[in-house]
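Participant: First residue of the sequence shown: 80, per the working numbering; consecutive thereafter. The beta-carbon is built from N, C-alpha and C at its ideal position, and this holds for glycine as well. These numbers come from a predicted model, not from an experiment. Dropping a structure here in structure tokens format, bear with me for questions.
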Amino acid sequence: MNAHAQPSEEEARGVDQLIDDLERLEVLIAGWDESQRVIALAYRRAIDALHEGALRKLIAEVKTAPGALDALRAAAADPLVYAVLRRHGLVKPSLQERVERALASIRPMLAAHGGDVELIAFDPPDAVEVRFLGNCDHCPSSTLTFVAGVKQAIEEQCPEIKHIRQAKSAGAVGASLDFISPFASKRDGGWRYASALDEIPEQGVKSCAVNGVPLILSRLGRVVACFRDACAHLGSPISSGAVAEGRIVCPRHGFEYDLMSGECLTAPQAQLQPVAWRVVGERVEIRFED
Ligand code: FES
80 MNAHAQPSEE EARGVDQLID DLERLEVLIA GWDESQRVIA LAYRRAIDAL HEGALRKLIA
140 EVKTAPGALD ALRAAAADPL VYAVLRRHGL VKPSLQERVE RALASIRPML AAHGGDVELI
200 AFDPPDAVEV RFLGNCDHCP SSTLTFVAGV KQAIEEQCPE IKHIRQAKSA GAVGASLDFI
260 SPFASKRDGG WRYASALDEI PEQGVKSCAV NGVPLILSRL GRVVACFRDA CAHLGSPISS
320 GAVAEGRIVC PRHGFEYDLM SGECLTAPQA QLQPVAWRVV GERVEIRFED
């Protein structure tokens with residue numbers, strides 16, 4: 080794969096297939112008895128060690144060549160390359176991972192008071208927005224908790240972050256929870272900022288990615304619809320398809336979808352995969368339920 084180009088559909092499908100295969104094998108191995116599992120895990124560790132050794136040598140060999148470091152950095156921007164290099168400890172955790180880690184470090188303290196905190200926006204290169212949940216949300220000391228807990232943890236672990244904003248809670252004035260999708264479960268937290276409401280065209284499409292997952296958003300007034308940007312036919316992105324009268328047509332083979340229901344009008348048994356969303360004030364947030 081060319082690190083400077085987007086993966087082709089064929090490459091993306093190949094990677095998805097590999098990930099599916101790995102997940103299926105992991106489930107299978109988890110069901111084996113202890114002695115078989117130990118052998119399988121030892122085999123995997125040996126393969127991992129082999130790959131890590133080879134990658135380390137490769138990087139050490141090429142990194143002194145002119146322009147090689149930039150090329151390696153560009154290659155590591157590819158999510159697949161990054162994931163493999165991360166697995167072998169060959170790249171540092173991304174800034175967003177370190178912010179999540181900083182929040183995780185103070186969660187036990189917040190949980191002791193029945194609260195939690197979530198990262199709701201990461202605005203590269205140096206800004207994040209967090210929000211308190213549970214008891215921390217309404218606590219009179221939340222400003223102190225924010226400054227002495229959340230802010231300090233992020234500043235210590237991620238000195239590159241210069242702006243740390245505390246978002247208003249869902250119950251705060253000007254940020255009321257207006258609508259929530261029927262696909263949202265009852266659990267707390269896990270919401271991620273996806274878009275400002277007014278950036279989603281009425282009966283049109285806005286595409287975005289949250290946690291690296293491509294999504295499409297549409298809306299009717301303040302009611303939103305959110306789906307994975309993947310056609311129900313062969314999984315191709317549909318966000319670049321023609322949009323008219325609240326419908327979108329997959330650019331690949333022409334399947335047509337209703338943008339609010341996700342229903343496929345070409346093959347009624349097919350359906351876009353919905354993603355839970357909610358509207359809080361002027362913010363649209365989404366959550367992956369699986
Ligand atoms: S991938 Fe075939 S219609 Fe969308």
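With DSSP collapsed to three states, give me the class of D202.
Facilitator: strand
Participant: Just mark G228 as buried or exposed, buried being the case when its beta carbon has 16 or more other beta carbons within 10 Å.
Facilitator: buried
Participant: For A190, count neighbouring Cβ atoms within 10 angstroms of its own Cβ and tell me buried if that reaches 16, exposed if not.
Facilitator: exposed
Participant: Under a Cβ-count criterion, where at least 16 other Cβ atoms within 10 Å of its own Cβ denotes burial, should S318 be classed as buried or exposed?
Facilitator: Buried.
Participant: Going by DSSP, what residue range makes up the beta strand (DSSP E) through P293?
Facilitator: 292-299
Participant: What residue from G314, A323, L338 has the CA that sits closest to R331's CA?
Facilitator: G314
Participant: What is the DSSP secondary structure of D95, counted as helix, strand or coil?
Facilitator: helix
Participant: How many whole angstroms separate the CB atoms of L159 and R135, which I take to be in contact at a CB cut-off of 8 angstroms?
Facilitator: The Cβ separation is near 19 angstroms, so there is no contact.
Participant: Please state the DSSP three-state secondary structure of S274.
Facilitator: strand
Participant: Compare the C-alpha of G325 against each of G283, I259, P293, G291 and name the closest.
Facilitator: When the alpha-carbon of G325 is set against those of G283, I259, P293, G291, the nearest one is in G283.
Participant: Give the DSSP-derived three-state secondary structure of H167 in the structure shown.
Facilitator: Look at H167 here: in three-state DSSP terms it is coil, with no helix or strand label.
Participant: Would you check if the distance between the CB atom of L276 and the CB atom of F306 is smaller than 7 angstroms?
Facilitator: no
Participant: Using a Cβ-based criterion (distance less than 6 angstroms to any ligand heavy atom), does C310 qualify as near the ligand FES?
Facilitator: yes
Participant: Should R116 be labelled buried (16 or more other beta-carbon atoms within 10 Å of its own) or exposed?
Facilitator: exposed
Participant: Determine the DSSP secondary structure at G194, reduced to helix, strand or coil.
Facilitator: strand
Participant: Please report how far the alpha carbon of E113 lies from the alpha carbon of V106, in whole angstroms.
Facilitator: 14 angstroms
Participant: Tell me the rounded alpha-carbon separation between L344 and P204.
Facilitator: 42 angstroms
Participant: At a cut-off of 6 angstroms, would you count L313 as near the ligand FES, judging by its Cβ distance to the nearest heavy atom?
Facilitator: yes
Participant: Taking the continuous beta strand (DSSP E) assigned at A355, which residues delimit it?
Facilitator: 355-359
Participant: Helix or strand or just coil, what does DSSP make of A349?
Facilitator: coil
Participant: What three-state label does DSSP hand K230 in the structure shown?
Facilitator: helix
Participant: Examine the ligand MG and report whether any of its heavy atoms sits within less than 6 angstroms of the Cβ of C329.
Facilitator: Absence of the ligand MG is noted for the structure shown, with the ligand FES being the only ligands found.
Participant: Along the chain, where does the beta strand (DSSP E) containing V302 start, and where does it finish?
Facilitator: Note, V302: beta strand (DSSP E), 302-307.
Participant: Once the 5 residues before and after G250 are set aside, which same chain residues still bring their CB inside 6 angstroms of it?
Facilitator: Confidence at G250 is low in this model, with a pLDDT of 48, below 50, so the placement of that residue is unreliable and no value is reported for it.
Participant: Is K285 buried or exposed, if buried means 16 or more other CB atoms sit within 10 Å of its CB?
Facilitator: Of the residues assessed, K285 falls on the buried side of the cut-off, its CB having 16 or more other CB atoms within 10 angstroms.
Participant: What does DSSP give as the partner residues of Y336 in its beta bridges?
Facilitator: Looking at the DSSP output, Y336 bridges to I327, C343.
Participant: Quick check: the Cα distance between I365 and R271, rounded to an integer number of angstroms?
Facilitator: 5 angstroms
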